[in-house]
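Written out below as structure tokens is the structure these notes cover.
In the working numbering, the protein residues as written are 2 to 180.
If you want it as structure tokens, here you go:
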């Protein structure tokens, strides 16, 4: 049994006039509703709708949610060595292909591998958090609280193993400050 689909395109669909007018109507109505709300808020009248809030960044900063993804860091073992065992899980799952790991072998075969080189190109990172989820050793985290990341040179956006080990988590700093 075949279905017949009516795909006749009318002339008003071809010139997009209806859709342009509709888009202008939606945009202008939202503009004037927001404008009216701000004017009433200045006068002191409650509008019944939450108004838009502008944060004067970087002078004012909003409190980040606890689970927000911020700049990466590598965690350390109690002896100060990186917790990463160069299993390549984070490198293989990364959709942006921004993690490069070179693994090295210890002389003692009972100890697992370690990363000789761990580079993270934050200019390519999409901050999806898949690397954190894939890590079996909880070696990589995205909890530094650093969100203002900018640079003029692309090579300065590549963080090495030493750079990632220097960073600390924002919740660890709060625990140390309370003690």
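Note that CB positions come from ideal geometry on N, CA and C, so glycine has one too. Since we're looking at a predicted model, the values are computed, not measured.
(Q) For the beta strand (DSSP E) containing residue 118, name the first residue and the last one. (A) For residue 118, the uninterrupted beta strand (DSSP E) segment begins and ends at 115-122.
Q: Can you say whether residue 100 is buried or exposed, counting buried as having 16 or more other CB atoms within 10 angstroms of its CB?
A: Around the CB of residue 100, 16 or more other CB atoms lie within 10 Å, so the residue is classed as buried.
Q: Measure the alpha-carbon distance for residue 178 versus residue 146 and round it to whole angstroms.
A: Interpretation of residue 178 is limited by its pLDDT of 46, a score under 50 that renders its predicted location unreliable; the figure taken from the coordinates is listed afterwards. So the alpha carbons of these two residues sit roughly 16 angstroms apart.
Q: Look at the Cβ atom of residue 117, then the Cβ atom of residue 105, and state whether they are nearer than 8 angstroms.
A: Against a cut-off of 8 angstroms, the Cβ pair of residue 105 and residue 117 comes out as a contact.
Q) In whole angstroms, what separates the C-alpha of residue 58 from that of residue 32? A) So the alpha carbons of these two residues sit roughly 23 angstroms apart.
Q) Which whole-angstrom value describes the C-beta separation of residue 125 and residue 151, a residue pair presumed to lie in contact below a C-beta threshold of 8 angstroms? A) Incorrect: roughly 15 angstroms between the Cβ atoms, too far for contact.
Q.
Can you tell me whether residue 94 is helix, strand or coil according to DSSP?
A. Helix at residue 94.
Q. Where does residue 39 land, buried or exposed, given buried means 16+ other C-beta within 10 angstroms?
A. Looking at its Cβ environment, which holds fewer than 16 other Cβ atoms inside 10 Å, residue 39 is exposed.
Q) According to DSSP, is residue 1 helix, strand or coil? A) Outside the shown range of the chain, which is 2 to 180, sits residue 1, and nothing can be said about it.
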